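Residue numbering for the sequence shown is -4 to 135, as defined by the working numbering. Cβ coordinates follow ideal geometry from the N, Cα and C atoms, glycine included. All values reported here derive from a predicted model rather than from experimental measurement. Remarks on the structure that follows.
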Amino acid sequence: MTEDFIVGALKRGRPVEQFLGPVGAPGRPGVSYVEVRPAKASYEVYVHAVEDVGREGLLDLGEFPPLDAGPDAEEFGRLVAMAEDPSNALAAAEETTGAVRGRWVNENIVQDEYGDFVRAGRPSDQSPDGCPWPSRGARG
């Protein structure tokens, strides 16, 4: 999505997401994605890390168990930033997670990105299109 479409979606109250790639340990693989979500007077940035339990026909990341479900986990995802306008929220998401401006998608399309990852054999070093995974360099 172009930046205008991303910002437009957020201003209309629609979240945007980005698949960040593989996370976790070899014995407990997971994947992560980032979501920018409109709130009452701001925009919130959440990072989600879930167990990589998907397969063809089971790609809904929102249905996967959290990767690190501790006793204090109140909500799915971890709030990592807030901003008063959509552009600043995107910048905060990119800064804290390594997300890339040209890879944002509408809500629930992140499942398609995950599906590409599964069909490509779950590459650990780069995405199916040859770009490095943001999760491998994430700072948040």
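Helix or strand or just coil, what does DSSP make of residue 59?
Correct three-state label for residue 59: coil.
Hey, residue 76 and residue 40: beta-carbon distance below 7 Å or not?
Yes, the Cβ-Cβ distance between residue 76 and residue 40 is below 7 Å.
Quick test of your reading: residue 56 and residue 130, contact by CB under 8 Å. State the CB separation rounded to the nearest angstrom.
Their Cβ separation, rounded to whole angstroms, is 13 Å, which puts residue 56 and residue 130 out of contact at 8 Å.
Between residue 10 and residue 110, what straight-line distance do the alpha-carbon atoms span, to the nearest angstrom?
Rounded to the nearest angstrom, the two C-alpha atoms are 20 Å apart.
Where does residue 81 land, buried or exposed, given buried means 16+ other C-beta within 10 angstroms?
By the 10 Å Cβ count, residue 81 comes out buried.
Between the alpha carbons of residue 69 and residue -2, how many angstroms are there, rounded?
Interpretation of residue 69 is limited by its pLDDT of 48, a score under 50 that renders its predicted location unreliable; no figure is taken from the coordinates.
Give me the residue from 5, 83, 45, 51 with the minimum Cα distance to residue 27.
Nearest option by C-alpha distance: 45.
Relative to the C-alpha of residue 34, which candidate in 21, 54, 78, 1 has its C-alpha closest?
With distances taken between Cα atoms, residue 34 lies closest to 78.
From residue 122 to residue 112, what distance separates their C-alpha atoms?
Taking the straight line from one Cα to the other gives about 7 Å.
Starting from residue 2, trace the beta strand (DSSP E) in both directions and tell me its first and last residue.
Careful: residue 2 lies outside any beta strand (DSSP E), inside the alpha helix (DSSP H) at -2 to 6.
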